[in-house]
Every structure is written in C-alpha cells, then in structure tokens.
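Mapping of the sequence shown onto my numbering: residues -9 to 204, in sequence order.
Ideal Cβ positions, reconstructed from N, Cα and C, are used throughout, including at glycine.
The structure presented is a predicted model; accordingly, all values stated were derived computationally and were not measured.
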Amino acid sequence: MRPVHSATRGALALSIVGLHLAGLTLLWLQRERPAPTPPRRAGLVIRLLPLAPRPSLRPAAPAHGERLRAPTAAEPQPRGVSTPLPPALVQAPMMATAPASAPQATMDQRAASAPLDLRLPRDYARSAAYATNPALNDVRANLPRSSFEGRIANELGGDGRWVEEVMDDNRRRLRRGNLCVNVERSRLVQNNPFNQSVAPQMAEFSPPYRCERR
-9 MRPVHSATRG ALALSIVGLH LAGLTLLWLQ RERPAPTPPR RAGLVIRLLP LAPRPSLRPA
51 APAHGERLRA PTAAEPQPRG VSTPLPPALV QAPMMATAPA SAPQATMDQR AASAPLDLRL
111 PRDYARSAAY ATNPALNDVR ANLPRSSFEG RIANELGGDG RWVEEVMDDN RRRLRRGNLC
171 VNVERSRLVQ NNPFNQSVAP QMAEFSPPYR CERR
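In structure tokens form, the structure reads like this:
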C-alpha cells in the first residue's frame, strides 16, 4: 500500500510544479510582449489660396507713343467704362437749363411769403359744395327740430311707438319720446355676419337713458 501512496504524491507534486511553470511562462510572455500603440491620426492640412485680383473697370493706360483708337462696330466698348464727353457738350446743357430754374425759385419764394387764407367765399352756403358736405349726412344732423308741442308730447311719451334711428352699420337707436335705447350687434356677428344662419346671436341693448330733441 505504501508504494501506491508514494506514487500518487509524486504525481500531484509534478502536476503542481507543472502548473507553476506554466503560470510563470505566461507571465513572462506578457511582460515581453510590447504594448499596442494607438493608430496615428493623419494631421489636417488647410491650404489658403490667394484671392484673385479684382477686375479693374478703368481701361489700361496706353503705352508711350501709342494712340487711342475709336471703337468700331466689330469692337464694342466694354460695359462699365464711361467715355468722357467734350467740355463743350457738358457746359451747353447746363447753360440752357440755368434760366429755367430762376422762375421756379421766384414762385417758391412767393408761396413761402404769402399768408395762409382760410376764409370761405361769400356764396359758399348757396353752392353745391355746401349741400354735399359729409357732415350733413350724419343722422343726428338730419333730425327735424321739434316744436313746443312736440316737446310736450315727448315728455308725455308721445304716441307710444318706438322709432328706429340708424346710427351706423352696427348700431341702432330706439326712441320713444325722450326715452332712448341703443341696440348694437355683437362682436361675433360683426366679424362673421354669415354665422347668424347657423348660430343666431342676440343684439346687445344698452340701459334706457334720457335723450332730448332740441
């Protein structure tokens, strides 16, 4: 029995020694292996190109001794180049327009010195312009003046009927004697009149107040 135990112990010892040797070998290989270097990125290169020179609108100066040639039909002038006019042609229109500006300056001076006249002509009340005055189209200006008997009737309430007076497109005034009530369409109806056919809205009534006719 003793030789069996000794053989088992020897095998275990050899296996332990082999494992230690394998571990040491792996550790040595890891130390010897160089660390992986990261890939090197390529640098960004920016090239600055020189700006092109601006085109010159002025014609190049002729060389010494070279004469300028007038452009022919086959050689049109380049755009943007203005040909100077002779001094005689430039001064002639200015001399012709100088006398015409004098009367205009005189008229401006007279208009500035004259006072503002706001008087109406004498027959303005009989003219057609007075009859078509927009202020006369106001409903309050077109109401008939009430007499003494009419005032008494208004104080008593008149005949009891309500009279409708048109103020504008959205307002009416109901009058009975000296008692008045203002009727105004709602804001929804004013903005959308066609909504009345779908959802009718009632008009807004003001409290009764006293309104006298003069």
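When the Cα atoms are used, what is the spatial distance from residue i to residue j?
i: I6; j: L17; result: 17 Å
i: M85; j: A104; result: In this predicted model, M85 has a pLDDT of only 49, less than 50, meaning its place in the structure is not dependable; the value taken from the coordinates is given anyway. Cα-Cα distance, rounded: 31 Å.
i: R161; j: A118; result: 30 Å
i: L164; j: R177; result: 20 Å
i: P198; j: V188; result: 30 Å
i: E145; j: L108; result: 43 Å
i: L240; j: R141; result: With the chain represented from -9 up to 204, any question about residue 240 goes unanswered, as that position is not in the structure.
i: L4; j: P29; result: 45 Å
i: R37; j: S46; result: 27 Å
i: R135; j: F195; result: 26 Å
i: M157; j: D149; result: 23 Å
i: F138; j: L106; result: 45 Å
i: N185; j: D159; result: 17 Å
i: L27; j: R44; result: The displayed chain sequence assigns Thr, not Leu, to residue 27. Distance between the alpha carbons of T27 and R44: 51 Å.
i: L110; j: P183; result: 44 Å
i: L34; j: L19; result: 39 Å
i: R112; j: C201; result: 36 Å
i: G13; j: R21; result: 13 Å
i: R(-1); j: R31; result: 58 Å
i: T15; j: L2; result: 20 Å
i: Q180; j: R116; result: 40 Å
List the endpoints of the continuous beta strand (DSSP E) containing residue i.
i: N181; result: That residue, N181, is in no beta strand (DSSP E); its alpha helix (DSSP H) goes R177 to N181.
i: V156; result: V153 to V156
i: E174; result: L169 to E174
i: L34; result: Taken as a continuous stretch (DSSP letters only), L34 belongs to no beta strand (DSSP E), as it is neither H nor E.
i: R44; result: Careful: R44 lies outside any beta strand (DSSP E) and carries neither H nor E.
Please state the DSSP three-state secondary structure of residue i.
i: L110; result: coil
i: A88; result: Unreliable placement is indicated for A88, whose pLDDT of 47 sits below 50; the coordinate value is still reported in the next sentence. Correct three-state label for A88: helix.
i: A82; result: In this prediction, A82 has a pLDDT of 47, which is less than 50 and means its spatial position is unreliable; what the coordinates show is noted afterwards. In this structure, A82 counts as helix in the three-state DSSP scheme.
i: M(-9); result: With a pLDDT of only 45 at M(-9), under the threshold of 50, the placement of this residue in the model should not be trusted; the figure read from the coordinates follows. Of the three classes helix, strand and coil, the one that applies to M(-9) here is coil, per DSSP.
i: R163; result: strand
i: E194; result: strand
i: R116; result: coil
i: R135; result: coil
i: R200; result: strand
i: R30; result: coil
i: G13; result: helix
i: V188; result: coil
i: G140; result: helix
i: V104; result: Per the sequence presented here, residue 104 reads as Ala, with Val not at that position. Coil at A104, not helix or strand.
i: G150; result: coil
Residue i and residue j look like a contact to me (Cβ under 8 Å); what is the Cβ gap, rounded to whole Å?
i: S193; j: V173; result: The sequence given here places Ala at residue 193; Ser does not occur at that position. The Cβ separation is near 5 Å, so the contact holds.
i: R166; j: W152; result: 5 Å
Cβ of residue i within 8 Å of any heavy atom in the ligand MN?
i: S176; result: As for the ligand MN, it is missing from this structure, which has no ligand bound.
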